[in-house]
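For the sequence shown, UniProt numbering assigns the number 1 to the initial residue and increments by one for each residue that follows.
Glycine residues also receive a C-beta, built at the ideal position from the N, C-alpha and C atoms.
Accompanying notes for the structure given below.
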Amino acid sequence: PTTDKITQAAMGTIYLCKFRVSMDGEWLCLRELDDISLTPDPEPTHEDPNYLMANERMNLMNMAKLSIKGLIESALNLGRTLDSDYAPLQQFFVVMEHCLKHGLKAKKTFLGQNKSFWGPLELVEKLVPEAAEITASVKDLPGLKTPVGRGRAWLRLALMQKKLSEYMKALINKKELLSEFYEPNALMMEEEGAIIAGLLVGLNVIDANFCMKGEDLDSQVGVIDFSMYLKDGNSSKGSEGDGQITAILDQKNYVEELNRHLNATVNNLQAKVDALEKSNTKLTEELAVANNRIITLQEEMERVKEESSYILESNRKGPKQDRTSEGQALSEARKHLKEETQLRLDVEKELEIQISMRQEMELAMKMLEKDVCEKQDALVSLRQQLDDLRALKHELAFKLQSSDLGVKQKSELNSRLEEKTNQMAATIKQLEQSEKDLVKQAKTLNSAANKLIPKHH
């Protein structure tokens with residue numbers, strides 16, 4: 001009987017025990033273990049159950065990492081709300097179901113033993129009051145007849161509510177309550193469960209929408225599709241090319257972003273130049289008026305001096321009353337002259353401010369020219385990388401011709417490389433055209449700045 005139980009347990013966990021799940025970057029690798037057999041040996045050796053359970057926990061944790069990471073990346077790339085038909089989302093729920101079922105104690109019923117993860121999920125509403133809403137919604141859903149279906153619906157509603165990580169953390173922190181449902185070495189009772197709960201925080205950036213009424217959650221078969229994560233050992237060379245293409249595309253995006261910033265800077269400088277031209281024209285007119293008034297005041301001052309000299313000469317011979325009236329007229333003339341002199345000083349101060357603004361504009365023009373030079377260097381670097389990429393493409397094409405295995409995959413890789421190369425060539429042409437436009441704009445701004453210099457002098 002003990003041997004039969006061990007065989008049944010091995011059959012039930014063949015997807016986890018017969019293979020070792022490991023991660024290679026963003027891919028999943030399965031390695032077959034030779035030390036596990038489904039039929040007992042004539043003289044069976046006692047396999048350590050703790051080792052098997054630890055291996056299962058590690059495999060499930062790696063699967064959860066890949067599933068969550070792939071789901072977040074694909075959702076952000078799509079930029080839309082996910083629904084129940086999205087394959088990575090379906091696989092995520094399958095992985096979560098296996099995590100919740102791991103090490104679950106069987107409950108005896110009239111129909112035999114039954115394992116359901118709905119029981120632990122019902123505890124969440126006692127730990128987090130916000131979970132009572134989705135628990136009540138699950139119980140009120142029509143068509144759910146089994147605890148498994150209710151558990152699957154609960155997971156979907158928790159993800160829609162963006163509280164799945166919070167609920168799982170609250171549940172894992174109560175080991176004394178979980179011990180009623182799980183074995184001591186189950187995933188939910190060990191460190192791997194806490195790690196998965198922490199990884200679930202990243203799913204809060206995803207918007208999901210599910211229609212529970214049309215789904216048959218009771219009869220769905222929860223089988224993990226490893227084909228979404230498996231990596232062929234012969235694909236490492238292609239991944240190197242993809243990595244280089246990704247790096248070049250990142251640089252292209254950086255140059256495009258830099259180009260947008262430079263265009264915005266050019267527009268801002270153009271607006272400042274227009275404003276300075278208008279202000280300069282206005283100041284020139286005011287300066288001309290002020291100069292005319294200064295000339296008039298100088299003439300008037302000369303006339304007043306002459307009159308003062310004449311009055312002094314006449315006062316020496318005339319009465320004292322005439323001296324007093326002429327002195328008042330002279331003081332008024334001096335006061336008027338002082339006001340006009342102050343006005344001239346104000347105009348000169350405003351002119352100095354405009355000259356400093358022009359100097360700042362010239363400095364901004366120099367910085368813009370420096371940015372254009374840096375962008376030109378980046379374009380040269382991109383051309384060099386494009387040549388390297390083309391050489392890599394030819395090398396991969398040669399290797400594809402000499403290899404009989406994976407011809408279809410490598411031909412598709414070659415076509416993708418050609419397409420991306422053409423895209424990069426078109427992008428570089430666009431960047432060169434953009435660079436020419438920026439140089440033209442820089443020259444225009446430089447000529448505008450040169451036109452402003454004579455006006456101030």
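DSSP three-state assignment for residue i, whether helix, strand or coil
{"i": "Lys213", "result": "coil"}
{"i": "Ala106", "result": "coil"}
{"i": "Tyr51", "result": "helix"}
{"i": "Leu71", "result": "helix"}
{"i": "Tyr310", "result": "helix"}
{"i": "Lys305", "result": "helix"}
{"i": "Glu277", "result": "helix"}
{"i": "Pro147", "result": "helix"}
{"i": "Phe92", "result": "helix"}
{"i": "Val128", "result": "coil"}
{"i": "Glu190", "result": "coil"}
{"i": "Asn173", "result": "coil"}
{"i": "Lys420", "result": "helix"}
{"i": "Ile224", "result": "coil"}
{"i": "Gly233", "result": "At Gly233 the pLDDT is 47, less than 50, meaning the model places this residue with poor confidence and gives no usable figure here."}
{"i": "Lys410", "result": "helix"}
{"i": "Phe117", "result": "coil"}
{"i": "Ser165", "result": "helix"}
{"i": "Ser219", "result": "coil"}
{"i": "Leu363", "result": "helix"}
{"i": "Leu269", "result": "helix"}
{"i": "Leu141", "result": "coil"}
{"i": "Leu297", "result": "helix"}
{"i": "Leu382", "result": "helix"}
{"i": "residue 461", "result": "The chain is shown from 1 up to 457; residue 461 falls before or after that span and cannot be answered."}
Classification of residue i by the beta-carbon crowding that lies within 10 angstroms, buried from 16 upward
{"i": "Ser116", "result": "buried"}
{"i": "residue 472", "result": "In the structure as shown, the chain begins at 1 and stops at 457. Residue 472 is therefore absent and cannot be evaluated."}
{"i": "Phe398", "result": "exposed"}
{"i": "Pro142", "result": "exposed"}
{"i": "Met61", "result": "buried"}
{"i": "Gln384", "result": "exposed"}
{"i": "Arg303", "result": "exposed"}
{"i": "Ala153", "result": "buried"}
{"i": "Asn291", "result": "exposed"}
{"i": "Arg156", "result": "buried"}
{"i": "Gln423", "result": "exposed"}
{"i": "Gln91", "result": "buried"}
{"i": "Asn77", "result": "exposed"}
{"i": "Tyr182", "result": "buried"}
{"i": "His102", "result": "buried"}
{"i": "Ile353", "result": "exposed"}
{"i": "Met63", "result": "buried"}
{"i": "Lys107", "result": "exposed"}
{"i": "Pro44", "result": "Low local confidence applies: a pLDDT of 39 at Pro44 is under 50, so the model's placement there is unreliable, with the coordinate-based value given in what follows. Classification of Pro44: exposed, given that the 10 Å Cβ count is below 16."}
{"i": "Lys163", "result": "buried"}
{"i": "Val255", "result": "buried"}
{"i": "Glu419", "result": "exposed"}
{"i": "Ala329", "result": "exposed"}
{"i": "Met367", "result": "exposed"}
Residues bridged to residue i [DSSP beta-bridge criterion]
{"i": "Ala208", "result": "Leu82"}
{"i": "Tyr182", "result": "Leu104"}
Same chain, Cβ closer than 7 Å to residue i, five either side skipped, listed in chain order
{"i": "Asp387", "result": "none"}
{"i": "Ala197", "result": "Ser165, Met168, Lys169, Ile172"}
{"i": "Glu286", "result": "Val347"}
{"i": "Leu438", "result": "Leu262, Val266, Val372"}
{"i": "Leu297", "result": "Leu337, Glu340"}
Close beta carbons around residue i, own chain, < 8 Å, minus the five adjacent residues each side
{"i": "Met365", "result": "Leu269, Ala442, Leu445, Asn446, Ala449"}
{"i": "Ile248", "result": "Leu382, Gln385, Leu386, Leu389, Met424"}
{"i": "Lys174", "result": "Leu123, Leu127"}
{"i": "Ser84", "result": "Gln90, Arg156, Phe210, Cys211, Glu215"}
{"i": "Met189", "result": "Gly103, Lys175, Leu178, Ser179, Tyr182, Glu183"}
{"i": "Val289", "result": "none"}
Sequence-distant residues of the same chain with beta carbon closer than 6 Å to residue i, five excluded per side
{"i": "Lys451", "result": "none"}
{"i": "Leu417", "result": "Lys393"}
{"i": "Ile294", "result": "Arg344"}
{"i": "Ile72", "result": "Gly202"}
{"i": "Ile206", "result": "Ala75"}
{"i": "Glu133", "result": "none"}
heavy atom of the ligand FMN below 7 Å from residue i C-beta
{"i": "Leu363", "result": "Summarising the ligand content, the structure contains no ligands, and the ligand FMN is consequently not present."}
Min CB distance residue i to chain C below 8 Å
{"i": "Gln359", "result": "Looking at the structure shown, chain C is missing, and only one protein chain is on hand."}
>> Can you confirm whether the segment 373-383 touches the segment 416-432 when touching is taken to mean that 3 or more C-beta pairs between the two stretches lie within less than 8 Å?
In response: yes
> How about the segment 271-291 and the segment 354-368: do they share at least three Cβ pairs that are nearer than 8 Å?
Replying inline: yes
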